[in-house]
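Okay, so here's the structure we're looking at.
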Amino acid sequence: EPYEPLWFEEPTPPEMPEEMAKVARAISIPVATGERLVTKYEFARVLETGAASILQMALGRVGGIMEAKKIAAMAETHYAQIAPHLYAGPVEGAANIHFAASLPNFLILESIETWDGFHSKILKKPIRWEAGRVLLPTEPGLGIELDEKVALAHPYEGTKLHLEMNDRPIA
């Protein structure tokens, strides 16, 4: 393909894996999906239909690290790779880092985070990157410690997530 894209993300709505599989068979680049899927059964359907060879589960949506590990294991049996999706800040980011480091079929750590500003201040020791690679924290647990003073000084006051999905087609 021109420009050598790493993947084609959700060429069809993710709840239509049979249609996505048609696209996957018609192109030479891998298809990716998963950030809006919730259960291992939805991911199994994606894998069984051949809809995608890169899964992008969001740990906060699929039920955490253990459930994501089950999905990743299913993906491995289909020679699919994992590119964990991240949209929920540094705690989920740290979980993604450890999750990714534990996988034999890990591809890339996707992130919309810049890891600066508020996200670096809320952690006592910020997540570090070097030469385009995240440095795996060595501290216990997720390897991060929240600065509670910063968190308390910035309470969430909204009623909605910043990435709400429209559940009806736009007409």
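My numbering numbers the first residue of the sequence shown as 1 and each following residue consecutively. Where is the CB? At the ideal position from N, CA and C, for every residue including glycine.
The closest CA to that of I82, considering only A88, G89, L103 and V62, is found on L103. Exclusion of the five residues before and after L123 leaves P90, I144, E145, L146 and D147 as the residues of its chain whose Cβ lies within less than 8 Å of its Cβ.
In this chain, the beta strand (DSSP E) harbouring V31 covers V31 to T33.
Scanning its chain for C-beta atoms nearer than 8 Å, with the 5 sequence neighbours on each side dropped, one finds around W129 the residues W115 and L135, in chain order. Short of 7 Å from the beta carbon of M20, and not among the five residues preceding or following it, lie these beta carbons of its own chain, in chain order: P11, T12, V31, T33, A51 and A52. Counting of Cβ neighbours within 10 angstroms places A101 among the exposed residues, the total staying below 16.
The DSSP-derived three-state label of V62 is helix. Short of 7 Å from the beta carbon of E18, and not among the five residues preceding or following it, lie these beta carbons of its own chain, in chain order: T49.
Per the DSSP secondary-structure output, H85 pairs in a beta bridge with A58. Look at V91 here: in three-state DSSP terms it is helix. Under DSSP, F106 takes part in a beta bridge, and its partners are I82. When the alpha-carbon of Y41 is set against those of M74, H85, V23 and P137, the nearest one is in M74. DSSP, reduced to helix, strand and coil, places L47 within a helical segment of the structure shown. When DSSP states are grouped into helix, strand and coil, R25 belongs to the helix group.
Annotation for R61: V38 place their beta carbon closer than 6 Å to its own, counting only its chain and skipping 5 residues before and after.
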